[in-house]
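Asker: Numbered per UniProt numbering, the sequence shown spans residues 1 to 398.
We put the CB at the ideal spot given by N, CA and C, even for glycine.
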Amino acid sequence: DHAEFSVDPKNPVVVIDSEDISEELRSSEVSSHVSTVSSIPAVRRMLIAAQRAYIASESSEDSFSGGEGIVAEGRDITTVVAPNAQVRVLLTAREEVRQARRNKQDIEQENLQNNESKNNESEEDDIRARDAKDAKVTNFLKAADGVTTLDNSDLTFEQTLDALVEIVDDAIEQDEYDRYAANLEGYDLDDEDRALLSGDFASDDESKDTKAVGVIAVIGRPNVGKSTLVNRILGHRVAVVEDTPGVTRDRVSYDAEWAGTNFKLVDTGGWEADVEGIDSSIAQQAQVAVRLSDAVIFLVDGQVGLTATDERIVSMLRAAGKPITLAVNKVDDARSEYLTAEFWKLGMGEPYGISAMHGRGVGDLLDAALNSLKKANKTSGFLTPEGLRRVALVGRPN
Numbered sequence: 001d002h003a004e005f006s007v008d009p010k011n012p013v014v015v016i017d018s019e020d021i022s023e024e025l026r027s028s029e030v031s032s033h034v035s036t037v038s039s040i041p042a043v044r045r046m047l048i049a050a051q052r053a054y055i056a057s058e059s060s061e062d063s064f065s066g067g068e069g070i071v072a073e074g075r076d077i078t079t080v081v082a083p084n085a086q087v088r089v090l091l092t093a094r095e096e097v098r099q100a101r102r103n104k105q106d107i108e109q110e111n112l113q114n115n116e117s118k119n120n121e122s123e124e125d126d127i128r129a130r131d132a133k134d135a136k137v138t139n140f141l142k143a144a145d146g147v148t149t150l151d152n153s154d155l156t157f158e159q160t161l162d163a164l165v166e167i168v169d170d171a172i173e174q175d176e177y178d179r180y181a182a183n184l185e186g187y188d189l190d191d192e193d194r195a196l197l198s199g200d201f202a203s204d205d206e207s208k209d210t211k212a213v214g215v216i217a218v219i220g221r222p223n224v225g226k227s228t229l230v231n232r233i234l235g236h237r238v239a240v241v242e243d244t245p246g247v248t249r250d251r252v253s254y255d256a257e258w259a260g261t262n263f264k265l266v267d268t269g270g271w272e273a274d275v276e277g278i279d280s281s282i283a284q285q286a287q288v289a290v291r292l293s294d295a296v297i298f299l300v301d302g303q304v305g306l307t308a309t310d311e312r313i314v315s316m317l318r319a320a321g322k323p324i325t326l327a328v329n330k331v332d333d334a335r336s337e338y339l340t341a342e343f344w345k346l347g348m349g350e351p352y353g354i355s356a357m358h359g360r361g362v363g364d365l366l367d368a369a370l371n372s373l374k375k376a377n378k379t380s381g382f383l384t385p386e387g388l389r390r391v392a393l394v395g396r397p398n
């Protein structure tokens, strides 16, 4: 009840028995005795309890900060008084910089009081002596685990504030991320998911994979099963599959492997001639995929048979000059192999009968496609570096 400490940064006063002692606390006469007094066990326990009480009181909405908390400063704040604080920073500077700042502070204070400035050498001895005394009570010169060190020897006051704000912002972001990750514990997560959540990413050197690989684009008219074939080749479902034309609207590339050979596989939207609007954009993206690829798998529908659109695609592919492997989808068994015969007339070489849904014939198709890739003039793709963060965009329709 005898002491009152203001937490208002605009009016940081300390009042003892109704007397403001703020200026006296900043004097060298007081600072030279701080270490001695604070090393008394009973006094130290009382001071720690008082500091914790002030910090805790600011969590109330009725407090000065409105429940947002305060910044507490002291040599053992981060390790003894508030070791569980959300943000803990060891603010330090080189000894000569600290000495110069202390001298400037004392001179300014003495000038205000119209006193003579003290000898700088004695002040320097006071700084060293206080460090030595305080080090016997608490290790404040080295950051403890979980404490961020900020050396502001070469920073201005404003730059120091900016650096501190950045540290706080990072801590808030990390806290929100930790809460989000904790909410995912009820989900079925694999090892890769858990590595991503824990921040266990590959280092920059490990993540740089510059291995060049060939690029194979899967091309065909809408709804012939391109995305189903892509999923079959990859061995798991990544491309969106639906029995509706136009579900795939852009080209999407994936890392793939077959028989020890790595390559990039590009899924495309359905190609159609003389279309407008979104369908025109889809067709353009498919053509871009062909231009950027090293080889092409041209997929047709065996159940529907040869169409005028298929023939238009052949013209487009020939103009691109890329090696082509022709695949006839929906040939689900040996009895349906006759469905491939019609597509010989396209002049694209042997048509491979496959079932993207069931996997029939896909191995032979890949053998042929990778063999055609060897005839390509160059390899245009690179495997995706490991350790990249995955980003999901989630929202309601429209």
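Measure the C-alpha to C-alpha separation of Asp332 and Pro222 and round it to an integer number of angstroms.
Answerer: Residue numbering aside, residue 332 sits at position 332 when the sequence shown is read from its first letter. Residue numbering aside, residue 222 sits at position 222 when the sequence shown is read from its first letter. For Asp332 and Pro222, the distance between alpha carbons rounds to 20 Å.
Asker: Give the range of the beta strand (DSSP E) segment to which Ala256 is assigned.
Answerer: As a working mapping, residue 256 is identified with position 256 in the sequence shown. It spans Val252 to Trp258 - the beta strand (DSSP E) in which Ala256 sits, taken as one unbroken run.
Asker: What do you reckon, are the CB atoms on Leu326 and Gly302 nearer than 9 Å?
Answerer: Working through the sequence shown from its first residue, we reach residue 326 at position 326. Working through the sequence shown from its first residue, we reach residue 302 at position 302. No, they are not a contact pair.
Asker: Cα separation between residue 439 and Asp154?
Answerer: Because the chain in this structure spans residues 1 to 398, residue 439 falls outside the shown range and cannot be described.
Asker: Based on Cα-Cα distance, which residue from His33, Val87 and Gly363 lies nearest to Val165?
Answerer: Along the sequence shown, read from residue 1 onward, the residue named residue 165 stands at position 165. Closest by alpha carbon: Val87.
Asker: Roughly how many angstroms separate the alpha carbons of Gln287 and Gly359, rounded to a whole number?
Answerer: Position 287 of the sequence shown, counted from the first residue, corresponds to residue 287. Position 359 of the sequence shown, counted from the first residue, corresponds to residue 359. Rounded to the nearest angstrom, the two C-alpha atoms are 27 Å apart.
Asker: My output table needs one value for Phe157: the three-state DSSP class, helix, strand or coil.
Answerer: Sequence index remark: in the sequence shown, residue 157 carries index 157 (1-based). Phe157 falls in the helix class under three-state DSSP.
Asker: Let me check one thing: in DSSP terms, what residues is Pro351 bridge-paired to?
Answerer: As a first step, residue 351 is located in the sequence shown; it is residue number 351 there, counting from the start. According to DSSP, Pro351 bridges with Leu326.
Asker: Please say whether Val81 and Ala93 have beta carbons closer to each other than 9 Å?
Answerer: Your numbering for residue 93 matches position 93 in the sequence shown. Your numbering for residue 81 matches position 81 in the sequence shown. No, the pair does not count as a contact, with Cβ atoms beyond the cut-off.
Asker: CA-CA distance, Glu19 and Lys10?
Answerer: In the sequence shown, the residue the question calls residue 19 occupies position 19. In the sequence shown, the residue the question calls residue 10 occupies position 10. About 19 Å.
Asker: Which residue comes first and which comes last in the beta strand (DSSP E) that contains Leu366?
Answerer: Along the sequence shown, one-based indexing puts residue 366 at 366. Here Leu366 belongs to no beta strand (DSSP E); instead the alpha helix (DSSP H) covers Val362 to Leu373.
Asker: Under 6 Å Cβ to Cβ from Thr160, same chain only, skipping five residues before and after it: list those, please.
Answerer: Along the sequence shown, read from residue 1 onward, the residue named residue 160 stands at position 160. For Thr160, where only same-chain residues beyond five positions count, the Cβ hits under 6 Å are Asn152.
Asker: Is it buried or exposed for Asp76, if we count other Cβ within 10 angstroms and need 16 for buried?
Answerer: Here the question's residue 76 lines up with position 76 in the sequence shown. The residue in question, Asp76, is buried, as its Cβ has 16 or more Cβ neighbours within 10 Å.
Asker: For the alpha helix (DSSP H) containing Leu339, list its first residue and its last residue.
Answerer: Indexing the sequence shown from 1 puts residue 339 at position 339. Element bounds for Leu339: n/a, residue is neither H nor E.
Asker: How big is the Cα-Cα spacing for Thr268 and Ala217?
Answerer: For the purposes of this step, residue 268 is taken as the residue at position 268 of the sequence shown. For the purposes of this step, residue 217 is taken as the residue at position 217 of the sequence shown. Cα to Cα, Thr268 sits roughly 7 Å from Ala217.
Asker: Excluding the 5 residues flanking Leu383 on each side, which residues of the same chain have their C-beta closer than 8 Å to its C-beta?
Answerer: Position 383 of the sequence shown, counted from the start, is the residue given in the question as residue 383. Correct list, in chain order: Asp209, Lys211, Val213, Asp255, Asn262 and Lys264.
Asker: Straight-line CA distance for Ala392 to Lys378?
Answerer: As a position in the sequence shown, residue 392 is number 392, starting the count at 1. As a position in the sequence shown, residue 378 is number 378, starting the count at 1. Straight-line Cα distance between these residues: approximately 33 Å.
Asker: Measure from the alpha carbon of Ala289 to the alpha carbon of each residue in Glu58, Ile219, Arg26 and Ile40, then state which is nearest.
Answerer: Walking along the sequence shown from the start, residue 289 turns up at place 289. Considering only alpha carbons, the answer is Ile219.
Asker: Would you identify the three-state DSSP class for Val14, choosing helix, strand or coil?
Answerer: In the sequence shown, counting from the first residue as 1, residue 14 sits at position 14. Correct three-state label for Val14: strand.
Asker: Determine, using beta carbons only, whether Ala143 and Leu90 come nearer to each other than 9 Å.
Answerer: In the sequence shown, counting from the first residue as 1, residue 143 sits at position 143. In the sequence shown, counting from the first residue as 1, residue 90 sits at position 90. In contact: Ala143 and Leu90 (Cβ atoms closer than 9 Å).
Asker: Please report the residue range of the alpha helix (DSSP H) in which Asp76 lies.
Answerer: On the sequence shown, residue 76 is found 76 positions in, with the first residue counted as 1. It is not in any alpha helix (DSSP H) - Asp76 carries neither H nor E in the DSSP assignment.
Asker: Kindly indicate which three-state DSSP category Val34 falls into: helix, strand or coil?
Answerer: Counting from 1 along the sequence shown, the entry for residue 34 is found at position 34. If DSSP states are grouped into helix, strand and coil, Val34 belongs with the helices.
Asker: With DSSP run on the structure shown, which of helix, strand or coil describes Ala3?
Answerer: Here the question's residue 3 lines up with position 3 in the sequence shown. Looking at Ala3 - three-state DSSP - the assignment turns out to be strand.
Asker: Quick one: using the 10 Å Cβ neighbour count with 16 as the cut-off for buried, is Phe343 buried or exposed?
Answerer: By 1-based counting over the sequence shown, the position of residue 343 is 343. So Phe343 counts as buried.
Asker: Report yes if the C-beta distance between Asp310 and Leu346 is below 9 Å; otherwise report no.
Answerer: The count along the sequence shown starts at 1 and reaches residue 310 at position 310. The count along the sequence shown starts at 1 and reaches residue 346 at position 346. Result yes, Cβ atoms of Asp310 and Leu346 sit closer than 9 Å.
Asker: Within its chain, find whatever has a CB closer than 6 Å to the CB of Asp17; leave out the 5 residues flanking it on each side and keep chain order.
Answerer: Reading the sequence shown from its first residue, position 17 is the one you call residue 17. So the list reads His2, once near-sequence residues are dropped.
Asker: Should Trp168 and Val215 be called a contact, given that it needs their Cβ atoms to be closer than 9 Å?
Answerer: Reading the sequence shown from its first residue, position 168 is the one you call residue 168. Reading the sequence shown from its first residue, position 215 is the one you call residue 215. One detail in the question is off: residue 168 reads as Val in this sequence, not Trp. No. Outside cutoff.
Asker: Just to confirm my understanding: we take Gly225, look at its own chain, exclude 5 residues before and 5 after, and list those with CB closer than 6 Å. What are they?
Answerer: Here residue 225 refers to the residue found at position 225 when the sequence shown is read from its first residue. Contacts found: Asn329 and Ala356.
Asker: By how many angstroms is the C-alpha of Arg389 removed from the C-alpha of Asp191?
Answerer: As a position in the sequence shown, residue 191 is number 191, starting the count at 1. As a position in the sequence shown, residue 389 is number 389, starting the count at 1. Between Asp191 and Arg389, the C-alpha separation is close to 14 Å.
Asker: Whole angstroms are fine: how far does the CA of Ala259 sit from the CA of Ala376?
Answerer: Looking up residue 376 in the sequence shown gives position 376. Looking up residue 259 in the sequence shown gives position 259. Those two C-alpha atoms are separated by around 19 Å.
Asker: Excluding five sequence neighbours on each side, which residues of the same chain lie with their C-beta closer than 8 Å to the C-beta of Arg101?
Answerer: Your numbering for residue 101 matches position 101 in the sequence shown. Closer than 8 Å at the Cβ level, and outside the excluded window around Arg101, lie Ala93.
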